[in-house]
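S.K.:
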Amino acid sequence: MNTPGGYDCVAGACQPPTVQCGSQCVDVSSDASNCGACGNVCDVGQACSESACVADEIKLQIATSWARAGDGDLVVRTPTGKFIHGGNRGPGVETDYGALDRIASSGWGPERVIWYAGAPPPAGQYDVCFKAAAYLPPPSSQDPVSYTVTVKRIGQPDLVVWRFAFSAGTGADCSPDHPSYVMSFSYPSGP
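For the sequence shown, position 168 (counting from the first letter as 1) is numbered 165 according to our numbering, and the numbering increases by one without interruption.
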């Protein structure tokens, strides 16, 4: 018999290295919802390793900051077509478990989207957009907003793009043909 946790159960008993937590057999040495003991849930950004909650390694990070005070918005489209932005911060199924963990509505940023090793990013092409949401004066060809987007991938060189926003932008769309488009890149590797 197989339990909901995916571990084998023989004659109604959990088999080592699993223990029974509620109606499931779980491995408390690696289950972030039952780490070291039933019901011991690791915090966001932690994984369960050898029965202890430990800091989880960031597998992918996309960050932006800008050069004059205002509100810049980072929007990321995942390979499965899901969007991460201020209105859909994650982590969860709706963001492929990515999270907008830093958000800035004033100042110079940063805004940052991350994926941890415990919920790794899906493989494929990511699209990144920067929207100059609220600046005084509004961005224009005479007074643009300069910004930087940096992508960090484990084992790969950083991708850094520096650009100007010449018009305001809002919303959750992001694709290579969108006016706020900055770049696309592949995960786990590629340009």
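Beta carbons are placed, not taken as given, at the ideal position from N, Cα and C, and that holds for glycine.
As a quick exercise: from Ala96, Gly89 and Pro141, pick the residue whose alpha carbon is nearest that of Lys82.
M.R.: Correcting the residue identity first, residue 82 is His in this sequence and not Lys. Of the listed residues, the one whose Cα sits closest to His82 is Ala96.
S.K.: According to DSSP, is Val90 helix, strand or coil?
M.R.: Three-state result, Val90: helix.
S.K.: Quick check: is the beta carbon of Ser102 nearer than 8 Å to any beta carbon in chain C?
M.R.: In summary, chain C is missing from the structure at hand, where a single protein chain is found.
S.K.: Can you name the residues that DSSP bridges to Tyr132?
M.R.: In the DSSP output, where bridge partners are listed per residue, Tyr132 has none listed.
S.K.: Which residues does DSSP pair with Cys126 in a beta bridge?
M.R.: Beta-bridge pairing links Cys126 to Val72 and Tyr178.
S.K.: Any idea if Gly19 is buried or exposed, counting beta-carbon neighbours within 10 angstroms, 16 or more meaning buried?
M.R.: Exposed: under 16 other Cβ atoms inside 10 Å.
S.K.: Bridge partners of Ala80, per DSSP?
M.R.: The sequence as given places Phe at residue 80; Ala does not occur at that position. Bridge partners of Phe80: Arg74.
S.K.: Please report the straight-line C-alpha distance between Phe163 and Cys39, rounded to a whole angstrom.
M.R.: Going from the Cα of Phe163 to the Cα of Cys39 covers about 43 Å.
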